[in-house]
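Okay, so here's the structure we're looking at.
Right, here's the structure in full:
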């Protein structure tokens, strides 16, 4: 960094990749958020719950975060450190500090939305409800500390972007490493939480159980992105050319918050997916019937053409053929007993009718029915939505 450094037209270097991610990802995320609210409003037909309002607020925070990061690319993000001037360096760290606050808000939003969704589905189980509250307290607790550290980490506050001012700052390297570890552990816990309940339910098929597990534990994707971002961010804190590597780190920050919000929305897509698969099967059935009818008409047309060319072939006499043998009387047919029949024994089989996933019949469980289509628990006594 020097007064005579030549600054290229911005955004440049890694800043171009950051700008592209900041522009594209919010549009993709907005599509998933819109699909979530369409599913809740027009398919499930239920009122918005608290997690829906959290999702809407998080979408706003994600958009603001993307705008601020895109603006930071016009103030040096992604450049090499020797391309910075002192004035550009101040602008760069100012925009980083502002965008980091909305990054923390976005993380708190999608993590809280997932936990609140789990409470709606499985919250009637006391132990699981306590585990969700502990996870929510841990997540919001360290994220609140993260937001305060970003804002009050230096005194005076302006020293955060102007290092020449007198004052002091906390160890930002250690703080960022610790908070990154918090992001990873909270994502992992949130992804594992629903699996502890889903695999205690009885489903008609294992395929359905695996499908619901994948839908509710999609937070594993956000956890994987958080791990990559933390590794790059930690490396960025320990090298000289920090602004250039920060371009990669903040690209993954954009991916992290957007991926997390997408996962929070994808967990509610079960009814939408069921309608889609039903329509696909209907279309395939109609196409198959149409092809069958077309083949039948072609066969009839071919036979009619052959009859016109050879009109006498159907008038051949079959009088020489022997008459059909009548079947024996009904009283002479004796049924052969089957070894597979369990009729009359204590092991006789009855049809199993399962309309939905039900909990295991264990004495220590306090489950009620679950409406997994609407992703919400039913009250065990009144049958209403919790």
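Numbering (our numbering), first residue to last: 21 to 406. The beta carbon of each residue, even a glycine, is placed where N, CA and C say it ideally should be. Bear in mind that the values here come from a model prediction, so they are computed numbers and not experimental data.
Give the DSSP-derived three-state secondary structure of residue i in the structure shown.
| i | result |
| --- | --- |
| residue 85 | helix |
| residue 221 | strand |
| residue 66 | coil |
| residue 34 | coil |
| residue 115 | helix |
| residue 26 | coil |
| residue 129 | helix |
| residue 204 | helix |
| residue 99 | coil |
| residue 212 | helix |
| residue 312 | helix |
| residue 292 | helix |
| residue 144 | coil |
| residue 105 | coil |
| residue 234 | helix |
| residue 72 | helix |
Give me the DSSP bridge partner(s) of residue i.
| i | result |
| --- | --- |
| residue 188 | 175 |
Cutting at 7 angstroms between CB atoms, please list the residues of its own chain near residue i, excluding the five before and the five after it.
| i | result |
| --- | --- |
| residue 163 | 124, 127 and 128 |
| residue 32 | 98 and 99 |
| residue 138 | 152, 213 and 214 |
| residue 336 | Legend: pLDDT at residue 336 = 49, less than 50; position of this residue unreliable, value from coordinates given subsequently. Contacts found: none. |
| residue 262 | 101 and 256 |
Spatial neighbours of residue i within its chain, please: CB distance less than 6 angstroms, with the 5 preceding and 5 following residues excluded, ordered by chain position.
| i | result |
| --- | --- |
| residue 61 | none |
| residue 120 | 170 |
| residue 71 | 133, 136 and 137 |
| residue 209 | 155 |
| residue 40 | none |
| residue 195 | 169 |
Who are the Cβ neighbours of residue i in its own chain at under 8 angstroms, not counting the five residues just before and after it?
| i | result |
| --- | --- |
| residue 289 | 55, 56, 59 and 235 |
| residue 26 | 103 |
| residue 52 | 281, 282, 285 and 286 |
| residue 185 | 176, 178 and 179 |
The region 77-92 touching the region 273-281, judged by at least three CB pairs closer than 8 angstroms: Segments in contact, yes.
Counting beta carbon pairs with one atom in the region 105-116 and one in the region 176-195, are three or more of them shorter than 8 angstroms? Proximity of the region 176-195 to the region 105-116 meets the contact definition, three or more beta-carbon pairs being nearer than 8 angstroms.
With three or more beta-carbon pairs closer than 8 angstroms as the criterion, would you say the region 143-160 touches the region 202-222? Touching, per the Cβ criterion.
Would you mind listing the alpha helix (DSSP H) stretches within the region 260-288 that are 4+ residues and don't spill past its ends, in chain order? Fully enclosed alpha helix (DSSP H) runs of 4 or longer: 262-286.
Count Cβ pairs between the region 225-240 and the region 287-306 that sit closer than 8 angstroms; are there 3 or more? Yes: the two stretches touch, three or more of their Cβ pairs being nearer than 8 angstroms.
Determine contact between the region 245-254 and the region 42-49, defined as no fewer than three beta-carbon pairs at a distance below 8 angstroms. By the C-beta criterion, the region 245-254 is judged not to be in contact with the region 42-49, since fewer than 3 inter-stretch pairs fall below 8 angstroms.
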